[in-house]
Amino acid sequence: MKVLHIFRSDPDETVRLLSSRWNDGTETTEFCLDQPPVDYDRLVTLIFENDRVLCWP
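Structure below.
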């Protein structure tokens, strides 16, 4: 299973801990929206390439 993690801001300790729980035995990709410039074309491609998409605050 492939999981995409989208972070809207720099993840704190709690978010990192929770997102790491999804990484066990899965192929994961992280995409940060708080680091300009944001490549929205790549984001759309990643969304369709992954089985699950998780958005974090």
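In the numbering used here, the protein residues as written are 524 to 580. Cβ atoms here follow ideal geometry from the backbone N, Cα and C, with glycine treated the same way. What you are looking at is a predicted structure, and each value in this text was computed from that prediction instead of being measured.
Rounding to the nearest angstrom, what Cα-Cα distance links residue i and residue j in this structure?
i: R575; j: L527; result: 6 angstroms
i: C578; j: P559; result: 18 angstroms
i: T549; j: V567; result: 20 angstroms
i: D535; j: D564; result: 26 angstroms
Could you tell me if residue i is buried or exposed, where buried requires 16 or more neighbouring beta carbons within 10 angstroms of its beta carbon?
i: F530; result: buried
i: N546; result: exposed
Grouping DSSP H, G and I as helix and E and B as strand, with all else coil, what is residue i?
i: R544; result: helix
i: V561; result: coil
i: L569; result: helix
i: T549; result: coil
i: R539; result: helix
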